[in-house]
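K.L.:
Residue numbers (my numbering): 67 to 610. Don't be surprised by glycine CBs; every beta carbon is placed ideally from N, CA and C.
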Amino acid sequence: MSRYEAQKRDGLARIGTYAEGETSVSLPAALDTGALFPALRERPLSNVPLGIDPAFVENYFCPGEGQPVAVHPLAASAESGDCVMVANWHTAGKNPRNYAAWLAALKESLPPDTAWYAPASALPSTACLLVYSGFDLFDYRGVDLASAQKKFCLPEGEFPATLMETGVCGCEGCREGDLLQHNRLALDRELALVRHYIESGQLRELMEARCRADAAQVGILRFLDRNYELMERSLPVARAVPMRANTSESQNRVEVRRFADRVIERFVPTRTDVAVLLPCSARKPYSLSRSHKIFMNVVDRRAHELIVTSPLGLVPRELERIYPAGHYDVPVTGYWDREECAFIADILARYFAAHPYRRVIAHLDGGALTVAEMAAKACGFDLEVTSQGHPTAPASLRALNDALEGERRMQTDTIRGTVSWQFATDINTRGLQIRGRSMQMAVLRGKQQLFSIDPGTGLFRPTFEGWALIPEGYRVRIDEFVPQGDVLAPGITDCDPRIREGDEVLVEGPLAIATGRAVMGADEMLRSKRGVAVRVRKVKKIGE
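(1) Taking DSSP as the reference, what is the three-state secondary structure of LYS359?
(2) Suppose you measure from the CA of PRO134 to the CA of HIS156; what does that come to, to the nearest Å?
(3) Counting only runs that start and end within the region 429-495, where is the alpha helix (DSSP H) found for 4 or more residues in a row?
(4) Closest to ALA306 by CA distance: which of THR192, PRO162, ASP520 is it?
(5) How far does the beta strand (DSSP E) with GLY379 in it extend, from its first residue to its last?
(6) Tell me, which residues are paired with GLN515 by DSSP?
(7) Taking 8 angstroms as the limit between beta carbons, can you name the residues of its chain near ALA227, skipping five residues before and five after?
(8) Are GLY568 and ALA555 close, meaning C-beta to C-beta below 9 angstroms?
(9) LEU535 and LEU516 - do their beta-carbons sit closer together than 9 angstroms?
(10) Would you mind giving the Cβ-Cβ distance between ALA72 and GLY597, rounded to the nearest angstrom? I have them listed as a contact below 8 angstroms.
(11) Are the CB atoms of ALA186 and LEU196 nearer to each other than 9 angstroms?
(12) Are GLY159 and ALA282 touching if we call contact CB-CB under 9 angstroms?
(13) Under a three-way DSSP split, which group does LYS217 fall into?
(14) Let me check understanding here. Comparing Cα to Cα, which of GLU131, ALA166, TYR70, PRO563 lies closest to TRP182?
(15) Please state whether the Cβ-Cβ distance between GLU590 and ARG541 is less than 9 angstroms.
(16) Please classify SER92: does DSSP put it in a helix, a strand, or coil?
(17) Determine the direct distance from the alpha carbon of LEU498 to that of LEU287, and round the result to whole angstroms.
(18) Out of curiosity, what's the CA-to-CA distance linking PRO613 and ASP76?
(19) Please list the terminal residues of the continuous beta strand (DSSP E) segment that includes TRP168.
(20) Extract the residue ranges of the beta strand (DSSP E) inside the region 68-112, only unbroken runs of 3 or more that lie entirely within it.
(21) Between GLU238 and LEU253, what straight-line distance do the alpha-carbon atoms span, to the nearest angstrom?
(22) Mind checking which residues open and close the alpha helix (DSSP H) that includes TRP182?
(23) Find the nearest neighbour of ARG109 within the set GLN506, ALA153, THR480, judged by alpha-carbon distance.
(24) For GLU371, which beta-bridge partners are listed by DSSP?
(25) I'd like to know whether the C-beta atoms of ASN249 and ALA212 end up nearer to each other than 9 angstroms.
(26) Ignore the nearest five residues each way along the sequence and tell me which others in ASN318's own chain have a CB closer than 6 angstroms to its CB.
(27) Measuring alpha carbon to alpha carbon, tell me which of ALA444, GLN506, LEU93 ends up nearest GLU265.
(28) Using only the alpha-carbon positions, how far apart do GLY147 and PRO537 sit?
(29) Cα separation between PRO308 and TYR352?
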């Protein structure tokens, strides 16, 4: 009997365990798969080209008996726990558009708790992309063929075998002059590195670095980013590690679009009709930086503070601690290219269309000011510019102070802003206060705790009393049992489709309720038959 269970996810990529009979393997990994699937070499009609005519697939394609189950973008069907094999996937990378389309078709059709096998596809230069795409199991056929062709394989590409003699690699195979051994070890090392990046939640950063050596991989990454629905539902809502936005592809990351969409569509800003646009800072959260301490002192609560930044676009002061706003790093050059300006200006324009202000003051310079002017032109409002040279220059600060003269002061409502962004609901925050210091902050009403604040992600963690303020959404419904630990996927009967990995959720059942953190997104919760779905913090029986 076959069984697959994921223990760690990073988007479509996973670390998991696949068991076939008495054999269990940790994935992602490359194996001599003939020992794991001895009958595979004799199976007929499973090796159908990916781009073949649909009629041919319908008439001839056969998934075979036993494991792995052969699948095709036009004929994908399997059971939970199966290992699915996509024959000829090594040809998919030649056409980035088809690669992304075929991958989406397979992901839509197959259960999330299946192991994915890409035969003869893995090279050190393709392993990262394959795992990023959701493949788990590989063989050595690709690198063995490269060895037969006298190719020296590295993560950066395939080179003439003579490169082995230059000392570029010091592995055991290179020391012994064994090309076959080097190529196999190079694949193993790359998969080990990929596994490390999955564990740290930073596989995207490695993917952006690896794809630079191959135009087709850059194209595949861009096409996958365009399929927002597919990628977004598999990515966690927050991470406790930095998001390193070091390439032009970074602005198309799902995390960037999701943050911006929530700011525009969910976020409820502090009640005021004056907004001031401020530049970002290298230090996160911004309010800890020297420049923002100066800005906050000058603004003195007389306007709603909005930080203009690349690649996120716009970060309200209320959300500066939330991932990725409080956790990103970007190269600072002072130059914003035309595409970058258009992307961020569009975010600003959409925000101001959704949240109009009586006055918008731009305390910006350089590319950030250009972006603000583009947004103002698109929305048809007047922009008051107060920066005279650098925004922290004394003359600029005096101009900002003078522009805000006579405006009414208000208190920044971080609680309302965060809850609206995180849970898509507006709550009455009268009487609520944030108390505590850095690593132990909480939202209280008097002495009653309603939320704790995750110091790593900035997200709120509701208590049962906190959930009472959130009337609907982010609920997971379970069968008639009292959770004795974490909630597993088979026990879930329904859940809010907006739930993503890392979201705080309220578990509701006939016998008990529980509060905890989602380990799977909603789609995986409902379509999986194994695995932990919710890490439970506290359980309360009905009637207690």
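P.N.:
Considering the structure as presented:
(1) helix
(2) 17 angstroms
(3) Segments of the alpha helix (DSSP H) lying fully in the region 429-495: 432-445, 460-469, 480-489.
(4) ASP520
(5) 379-382
(6) Looking at the DSSP assignment, GLN515 forms a beta bridge with LEU510.
(7) LYS216, LYS217, PHE218, LEU245
(8) No, these two residues do not count as a Cβ contact at 9 angstroms.
(9) yes
(10) Sure, about 6 angstroms apart at Cβ, within 8 angstroms.
(11) no
(12) yes
(13) strand
(14) For TRP182, the nearest C-alpha among the options comes from TYR70.
(15) Not a contact, by the Cβ cut-off of 9 angstroms.
(16) SER92: strand per DSSP, three-state reduction.
(17) Each residue's Cα considered, the two are about 44 angstroms apart.
(18) Only positions 67 to 610 of the chain appear in the structure, and residue 613 is not among them; the question remains open.
(19) Here TRP168 belongs to no beta strand (DSSP E); instead the alpha helix (DSSP H) covers 162-175.
(20) 68-76, 79-86, 89-93
(21) 14 angstroms
(22) Unbroken run through TRP182 is the beta strand (DSSP E), 181-183; no alpha helix (DSSP H).
(23) ALA153
(24) VAL342
(25) It is a contact, given that the beta carbons lie within the stated cut-off.
(26) ASP291
(27) LEU93
(28) 36 angstroms
(29) 14 angstroms
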